[in-house]
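**Student:** One structure, pasted below without further comment.
There are 2 protein chains.
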Amino acid sequence: MAAQKVARLISERSIGRLSLYRRLLNVLQGEGVRNIYSHQLAAMAGCTAAQVRRDLMAVGYSGSPTHGYEVPRLIESLREFLDAPGGQGVALVGVGNLGKAILSYFTGRRPNLQIAAAFDSDPYKVNRVIHGCRCYSMEHLAEVAEGQGIRLAIITVPAQAAQAVADALVQAGVRGILNFAPVRLRVPDHVHVEDIDMTVSLEKVAYFARQSAERGSRP
Amino acid sequence: MAAQKVARLISERSIGRLSLYRRLLNVLQGEGVRNIYSHQLAAMAGCTAAQVRRDLMAVGYSGSPTHGYEVPRLIESLREFLDAPGGQGVALVGVGNLGKAILSYFTGRRPNLQIAAAFDSDPYKVNRVIHGCRCYSMEHLAEVAEGQGIRLAIITVPAQAAQAVADALVQAGVRGILNFAPVRLRVPDHVHVEDIDMTVSLEKVAYFARQSAERGSRP
DNA sequence: CTAACGCTGTGACCTGTTTCACGACCACCG
DNA sequence: CGGTGGTCGTGAAACAGGTCACAGCGTTAG
Numbered sequence: 485m486a487a488q489k490v491a492r493l494i495s496e497r498s499i500g501r502l503s504l505y506r507r508l509l510n511v512l513q514g515e516g517v518r519n520i521y522s523h524q525l526a527a528m529a530g531c532t533a534a535q536v537r538r539d540l541m542a543v544g545y546s547g548s549p550t551h552g553y554e555v556p557r558l559i560e561s562l563r564e565f566l567d568a569p570g571g572q573g574v575a576l577v578g579v580g581n582l583g584k585a586i587l588s589y590f591t592g593r594r595p596n597l598q599i600a601a602a603f604d605s606d607p608y609k610v611n612r613v614i615h616g617c618r619c620y621s622m623e624h625l626a627e628v629a630e631g632q633g634i635r636l637a638i639i640t641v642p643a644q645a646a647q648a649v650a651d652a653l654v655q656a657g658v659r660g661i662l663n664f665a666p667v668r669l670r671v672p673d674h675v676h677v678e679d680i681d682m683t684v685s686l687e688k689v690a691y692f693a694r695q696s697a698e699r700g701s702r703p
Numbered sequence: 485m486a487a488q489k490v491a492r493l494i495s496e497r498s499i500g501r502l503s504l505y506r507r508l509l510n511v512l513q514g515e516g517v518r519n520i521y522s523h524q525l526a527a528m529a530g531c532t533a534a535q536v537r538r539d540l541m542a543v544g545y546s547g548s549p550t551h552g553y554e555v556p557r558l559i560e561s562l563r564e565f566l567d568a569p570g571g572q573g574v575a576l577v578g579v580g581n582l583g584k585a586i587l588s589y590f591t592g593r594r595p596n597l598q599i600a601a602a603f604d605s606d607p608y609k610v611n612r613v614i615h616g617c618r619c620y621s622m623e624h625l626a627e628v629a630e631g632q633g634i635r636l637a638i639i640t641v642p643a644q645a646a647q648a649v650a651d652a653l654v655q656a657g658v659r660g661i662l663n664f665a666p667v668r669l670r671v672p673d674h675v676h677v678e679d680i681d682m683t684v685s686l687e688k689v690a691y692f693a694r695q696s697a698e699r700g701s702r703p
């Protein structure tokens, strides 16, 4: 407690990039790379070297001017900075097509962030094991979530059901939600919601693709 | 051509919000709402009224100070602003779990942005129809994409294959890519890439949930 | 041994986005 | 028929995030 982290004002964007750096570094480590410079990491992450250095300021590990950053130490520092000690269980609510895809996507990917339980209102899915994850009834959400100390959740239910699910999750003590439903969830301040809105993303792509097409055809 | 749109410098963020507004408005229209004020839209979208008004400046439809915005006219203006005339075909590459989920997710959702063709390297999937969408072999990508005038694509292949797929798509004339693979794609400047990185998003949720938990426990 | 190099960390600047604030307008009420 | 209240559009201020530039330093070449 003496070494209390100063409440760093670090932006959401930076956290995203730090997570990206870590993933890139893991690949590099697998290739046997021992040291790396900020500009190399920047090239891989698609940003500038200055931004990499500034982001890394937050994690509290300094590289050497001569050898750059030691890959294993940097990974370790990022782990300390980003991960909860002891790992975090995640609940997934809504075992439809998207839910199943996400279950398989995350299976064995991040050992520190495992999907520990799935929930669905469809009685046919309840008690089945899907991609290695047990599916529970919605009625047992609070019980299972609290029993497993789950603080994070992924919502992959239809839009109409999303708010009710979010309320139930908050009630069960969840502090963070990754929301795939195309709705703005209303939650208390202490709960963090991250939206992934595929429709909006696709429309953004369509818009900007059209823009660059027009720009390109009229030089 | 005389009415050439002034090259509005509109931010990526704004486009995302405009797309969100439109979706909210469609729901409202279904409920029979005729008029709406900026602050109501703001409450639903999770931003401020000033931001709604500023975003809407770009679309070129002015509301009335007394009745706010007419829902049908605003939807129409957003459609003109966001959508390509005549609709845009989209290709989906990678018919795995995630690809199938996305196919079912977009089926019949946005009539203007239909997934017109799917591609996979697995011969077992080729020529099957999945969620109403024909799956072609990767070899026919250029042929089918050009034949159908496809300019947009969604990548849902494993990370190792993503760059090769992106190259092939660009070669086939694709101008915008929605990329689910956890890799930074390298593409020419005239191609717009939008990344959806679920791992990064989940880690962001985990980080900020932990932050607010710590902040909450120490008031 | 000295000089020169290249990289890191960080203060200062700059750019792009959000918020504020205010003039103009219209409907409604008294 | 004038006052009042509420909203819109938009210039200007405030803010956040990203970039630049440079001091400091270990390494290495000469």
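Here the protein sequences line up with chains G and F, keeping their order.
Heads up: the first sequence at position 217 corresponds to 701 in the numbering used here, and the numbers run straight through without jumps.
Heads up: the second sequence at position 114 corresponds to 598 in the numbering used here, and the numbers run straight through without jumps.
From the three backbone atoms N, C-alpha and C, an ideal C-beta is built for every residue, glycine too.
1. On a Cα-Cα basis, can you pick out the residue from 551/F, 555/F, 562/F and 518/F that is closest to residue 544/F?
2. Alpha carbon to alpha carbon, how far is residue 683/G from residue 546/F?
3. For the alpha helix (DSSP H) containing residue 539/F, name the first residue and the last one.
4. Which residues does DSSP pair with residue 618/F in a beta bridge?
5. Have a look at residue 775/F and residue 655/F and give me their C-alpha separation to the nearest angstrom.
6. Check whether the Cβ atoms of residue 632/G and residue 596/G sit closer than 9 Å, and answer yes or no.
7. Can you pull the chain G residues whose beta carbon is under 8 Å from the beta carbon of residue 609/F, in chain order?
8. What residue from 667/F, 666/F, 665/F and 671/F has the CA that sits closest to residue 658/F's CA?
9. In the DSSP assignment, find the unbroken beta strand (DSSP E) run with residue 573/F in it and report its ends.
10. Bridge partners for residue 603/F per DSSP, in chain order?
11. Below 8 Å on the Cβ atoms is my guess for residue 601/G versus residue 618/G; work out the distance and round it to an integer in Å.
12. Tell me where the beta strand (DSSP E) around residue 678/F begins and ends.
13. Roughly how many angstroms lie between the CA atoms of residue 560/F and residue 513/G, to the nearest whole one?
14. Rounded to a whole number of angstroms, what is the C-alpha to C-alpha distance between residue 626/F and residue 575/F?
15. Tell me which same chain residues have a C-beta within less than 8 Å of the C-beta of residue 489/F, skipping the five on either side of it?
16. Please report whether the beta-carbon of residue 647/F lies at a distance below 9 Å from any beta-carbon of chain G.
17. Applying a beta-carbon distance threshold of less than 7 Å, which residues of chain G neighbour residue 568/F?
18. Out of 578/G, 566/G and 536/G, state which residue places its alpha-carbon closest to the alpha-carbon of residue 648/G.
19. Return helix, strand or coil for residue 493/F, following the three-state DSSP convention.
20. Can a CB atom of chain F be found closer than 9 Å to the CB of residue 523/G?
21. Is any non-hydrogen atom of the ligand ATP found closer than 8 Å to the C-beta of residue 627/F, if you look at the structure I gave you?
22. Quick check on residue 688/G: does DSSP put it in helix, strand or coil?
23. At least one CB of chain F closer than 9 Å to the CB of residue 528/G: is that the case?
24. Counting C-beta neighbours from all protein chains within 10 Å, is the total for residue 550/G 16 or more, i.e. buried, or is it exposed?
25. What three-state label does DSSP hand residue 662/F in the structure shown?
26. Rounded to a whole number of angstroms, what is the C-alpha to C-alpha distance between residue 653/F and residue 591/F?
27. Let me know the secondary structure DSSP gives residue 515/F once reduced to three states.
28. Quick one: using the 10 Å Cβ neighbour count with 16 as the cut-off for buried, is residue 624/F buried or exposed?
29. Say whether chain G places a C-beta atom closer than 9 Å to the C-beta of residue 589/F.
30. Bridge partners of residue 553/G, per DSSP?
31. Three-state secondary structure (DSSP) at residue 637/G?
32. Could you have a look at residue 598/F and say whether DSSP puts it in helix, strand or coil?
33. Are residue 639/F and residue 663/F close, meaning C-beta to C-beta below 9 Å?
34. Just mark residue 485/F as buried or exposed, buried being the case when its beta carbon has 16 or more other beta carbons within 10 Å.
**Tutor:** Inspection of the coordinates gives the following:
1. 562/F
2. 26 Å
3. 533–541
4. 613/F
5. The structure shown has nothing for residue 775/F, since chain F only spans 485 to 703.
6. no
7. Here the premise fails: no neighbours, minimum Cβ distance about 15 Å.
8. 671/F
9. 572–577
10. 577/F and 620/F
11. 6 Å
12. 676–679
13. 52 Å
14. 11 Å
15. For residue 489/F, the pLDDT reaches just 44, beneath the cut-off of 50, and the residue's location in the model is therefore unreliable, although a value from the coordinates is still provided. The answer is none, since no qualifying residue turns up.
16. no
17. 690 and 694
18. 578/G
19. coil
20. no
21. Of the ligands one can find in the structure shown there are none, so the ligand ATP has no counterpart to examine.
22. helix
23. yes
24. exposed
25. strand
26. 22 Å
27. coil
28. exposed
29. yes
30. 520/G
31. strand
32. strand
33. yes
34. Annotation note: pLDDT 41 at residue 485/F (below 50); position unreliable, coordinate value reported separately. Classification for residue 485/F: exposed.
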